[in-house]
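To convert a position in the sequence shown, counted from 1, into my numbering, add 227.
Below: the structure, in structure tokens.
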Amino acid sequence: MAQGQPEASTSACTSTPKIEKLGGYDFYRKLGSPKYIVAPMVDQSELAFRRLCRQYGAQLIYTPMINAKMFTDPVNKSYRASAFDIASGEEGDMASDRPLIVQFCANDPDQLLQSAKVVEKYCDAVDINLGCPQDIAKRGRYGSFLQDDWPLIYSMINTLHVNLSIPVTAKFRVFPDVEKTVEYAKMLERAGAQILTCHGRIREQRGQNTGLADWSKIRAVKEAVKVPVFANGNILFQDDIARCLEETGCDGVMSAEGILYNPALFYGLDAPSSSPKPPTTDLYPMHTTLASQYLSIVLSLKTKTPVSAVKGHLFKLMRPALTRELDLRERLGRTGLKPGKGGDADSEGKKGDKWLRECVAIVEEMRVRMERDAKEATKDGTIPLEDLVTTCPKTGLRLMPHWVAQPYFRPLPVPQPPQEKAKRKKKRGGAAKEKVEVEEVTVVEKVGEMEQETGKVVVVAEEQTLQEDKVVPMEVEKTTATVVEEQNVEPPPALESPRPLPTTAPAMPTMTPAKRTIAETSPSPSPPPHVQTEGAAPVKRRRALSDGEVVKVIEVVKAPA
């Protein structure tokens with residue numbers, strides 16, 4: 228037993244389910260022996276995106292994480308409808324939304340069982356989230372912040388194992404110690420989990436410190452348990468899938484971020500003949516084609532798709548081009564905003580919504596521009612697209628033309644000496660500006676993260692409070708009073724000149740651009756440059772600002788009192 232392992236009553240599971248059901252590999256085979264799995268992703272693995280992924284070869288998909296406490300709250304009925312809309316008749320549909328696993332986060336076995344009972348007729352299994360590393364999970368005491376409470380985890384899994392008519396599964400993160408990771412996985416199996424998904428990162432690997440997943444720990448888990456194991460982490464390109472299966476020995480590969488940027492990631496891998504062939508290239512399809520297909524699905528559904536989900540997908544799918552097409556990026560950022568609310572979006576999407584029609588128009592305009600760029604770069608198709616694929620000298624990863632779907636990869640974190648780590652930890656509770664310096668996260672970097680997570684175009688004012696992997700909700704002011712006095716300082720040259728903004732502004736609310744400096748903050752050391760180098764906006768991401776440098780203020784925000 229690993230040193231420091233928490234005490235837990237986790238002897239061999241002798242609990243017999245009240246309802247006979249399949250388990251382990253019998254259950255796995257009933258699902259169709261899936262090898263290509265789409266991960267549970269908050270606000271991103273919703274019904275419309277699930278349908279798109281199935282068209283391109285995904286064999287098993289998880290719902291976004293659902294909060295078990297809120298799901299059964301009689302006062303908050305709207306949460307249940309938005310989290311898993313049973314009334315629409317589309318979520319969990321046998322013909323179009325299976326196989327499906329519904330994921331919950333919880334810290335109360337009875338509460339979890341109550342929620343799981345609601346969905347057990349509409350899915351193939353219920354999964355427990357034991358891997359979320361975000362601050363909201365810490366405050367809510369769920370996800371990876373339960374991983375030291377083995378008795379509670381055992382009780383939650385075992386309660387579902389005994390009382391549900393369908394199997395229970397678990398998704399978890401590894402520990403720094405491989406022996407403890409293996410003992411943890413064996414405890415989950417004894418509790419009754421019939422499939423384990425092992426994310427090869429520790430709890431602290433998130434945000435700027437995400438780094439690489441450890442496949443060797445996943446392999447150790449696979450070799451230690453008798454139930455099927457899915458590997459999660461480091462899947463950027465299609466050839467990573469076969470390599471992961473070989474190196475971990477797992478039964479399937481789960482993709483999260485990789486599939487968001489290219490939903491065709493699994494195409495052609497044991498896919499049924501009915502799956503559509505990605506256009507343009509065997510490597511990656513045009514991102515506008517994927518975006519158009521996604522919007523068509525959204526429009527076809529009775530189930531409402533939130534604005535945040537739609538915009539989040541479009542920002543990720545078209546990311547390589549949005550760093551160049553600044554006018555379309557700004558239009559997309561403002562789409563769905565209620566007049567006068569400065570950041571509140573309209574609710575869910577349904578056919579005929581103005582914001583959804585605007586999304587369709589943006590994607591269509593992007594398609595026209597990308598086809599023009601592709602025609603010019605390939606000289607009317609005389610140059611094979613593969614000849615335009617380059618290799619990043621820093622990472623060895625492929626860099627593809629900006630009109631095709633491609634993964635987003637973060638720079639690896641810079642190793643810190645032990646004394647520096649202790650110093651950073653000590654200063655973590657300091658003021659906002661001090662925290663930015665200590666953690667080497669500039670305002671512009673955080674803006675980039677916000678835009679990726681929320682699908683909004685934002686620029687923060689000096690008063691904004693920054694927290695790791697989180698931004699305190701802001702209140703937008705219709706004033707520029709918080710902007711530092713304008714200075715005539717030219718912005719630095721971009722890596723590649725983007726197309727200028729149109730002289731005629733789009734038909735939407737606009738604010739007068741202003742300049743501000745952040746000279747009052749000491750420039751932080753530059754983090755490693757982003758490996759995606761083709762095309763860059765004037766406000767570049769993942770790069771420290773130099774003294775006197777300016778950024779364009781699109782929205783001026785102020786932290787709440």
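Just so it is clear, CB atoms sit at the ideal spot from N, CA and C, and this is done for glycine as well.
What you are looking at is a predicted structure, and each value in this text was computed from that prediction instead of being measured.
Range covered by the alpha helix (DSSP H) that runs through residue i
i: K305; result: Per the sequence shown, residue 305 should be read as Ser rather than Lys. S305 -> alpha helix (DSSP H) spans K304 to A310.
i: S535; result: V534 to L544
i: T516; result: H514 to S527
i: V345; result: P336 to V346
i: L274; result: L274 to Q282
i: T386; result: W377 to N390
i: A364; result: D362 to G367
Spatially closest choice to residue i from the options, by CA coordinates
i: Q361; options: Q435, A491 and I313; result: Q435
i: V405; options: D376, W377, W442 and M383; result: W442
i: P638; options: K621, E474 and P628; result: K621
i: T386; options: P611, P244, L544 and R325; result: P244
i: L258; options: P628, G367 and L287; result: L287
i: S392; options: E603, L249, T605 and K538; result: L249
i: V401; options: V345, A458, I363 and Y381; result: A458
i: P326; options: Y289, I293, E585 and T617; result: Y289
i: A580; options: P533, P267 and Y488; result: Residue identity check: residue 580 is Asp in the sequence provided, not Ala. Of the listed residues, the one whose Cα sits closest to D580 is P533.
i: M383; options: E410, R417, D351 and C350; result: R417
i: Y488; options: G370, Q330 and V631; result: V631
i: A308; options: V525, E273 and A285; result: E273
i: P394; options: I328, Y381 and K407; result: I328
i: I422; options: D351, L439, G563 and C359; result: D351
i: G623; options: F636, I589, E613 and H629; result: F636
i: R790; options: P336, K262 and P547; result: What the structure shows of the chain is the stretch from 228 to 788, and residue 790 is not part of that stretch, so it cannot be assessed.
Whole-angstrom C-beta distance between residue j and residue i, which should lie under 8 Å
i: H426; j: S242; result: The Cβ separation is near 27 Å, so there is no contact.
i: Q271; j: A536; result: 6 Å
i: L555; j: M597; result: Incorrect: roughly 11 Å between the Cβ atoms, too far for contact.
i: R277; j: V269; result: Not confirmed; about 14 Å, so no contact.
i: K365; j: Q338; result: Contact doesn't hold; Cβ gap of about 19 Å is too wide.
i: G485; j: P634; result: 5 Å
i: L373; j: N334; result: 6 Å
i: A420; j: V448; result: Not quite, the Cβ-Cβ distance comes to about 12 Å (not below 8 Å), so this is no contact.
i: V409; j: G251; result: No, V409 and G251 are not in contact; Cβ-Cβ is about 18 Å, not under 8 Å.
i: L544; j: L517; result: 6 Å
Exposed unless 16 or more other CB atoms sit within 10 angstroms - verdict on residue i
i: D312; result: buried
i: T530; result: buried
i: E347; result: buried
i: V595; result: exposed
i: D354; result: buried
i: E247; result: exposed
i: V302; result: exposed
i: E782; result: Per-residue confidence for E782 stands at a pLDDT of 42, beneath the threshold of 50, marking its modelled position as unreliable; the derived number appears in the next sentence. Per the 10 Å Cβ criterion, buried.
i: E318; result: buried
i: V670; result: With a pLDDT of only 38 at V670, under the threshold of 50, the placement of this residue in the model should not be trusted; the figure read from the coordinates follows. Answer is buried; the Cβ neighbour count reaches 16.
i: M321; result: exposed
i: I610; result: exposed
i: A275; result: buried
i: G560; result: buried
i: T475; result: buried
i: K705; result: Residue confidence is low: K705 scores 33 on pLDDT, short of 50, so the model does not pin down where it sits. No coordinate-derived value is stated.
For residue i, the three-state DSSP class (helix, strand or coil)
i: E592; result: helix
i: T396; result: strand
i: E552; result: strand
i: A469; result: helix
i: H629; result: coil
i: D607; result: coil
i: Y289; result: strand
i: L564; result: strand
i: A708; result: Note on A708: pLDDT 31, under 50, position unreliable in the model; no value is reported.
i: A440; result: coil
i: P475; result: According to the sequence provided, residue 475 is Thr. The question's Pro does not apply to it. It is helical.
i: A322; result: coil
i: A266; result: coil
beta-carbon residue i near the ligand ATP non-hydrogen atom, thresh 8 Å
i: A604; result: In the structure shown, the ligand ATP is absent, as is every other ligand, since no ligand is present at all.
Range covered by the beta strand (DSSP E) that runs through residue i
i: S482; result: G479 to S482
i: F254; result: Here F254 belongs to no beta strand (DSSP E); instead the alpha helix (DSSP H) covers G251 to K257.
i: A412; result: A412 -> not in any beta strand (DSSP E); alpha helix (DSSP H) instead, spanning V405 to A418.
i: F298; result: Note, F298: premise wrong, no beta strand (DSSP E); alpha helix (DSSP H) at A295 to F298.
i: I328; result: L327 to C332
i: E352; result: Sequence inspection shows Ala at residue 352; the Glu mentioned does not correspond to that position. Per DSSP, A352 belongs to the beta strand (DSSP E) from A352 to L357.
i: A458; result: V456 to N459
i: L463; result: Neither: L463 is in no beta strand (DSSP E) and is coded neither H nor E.
i: L423; result: L423 to H426
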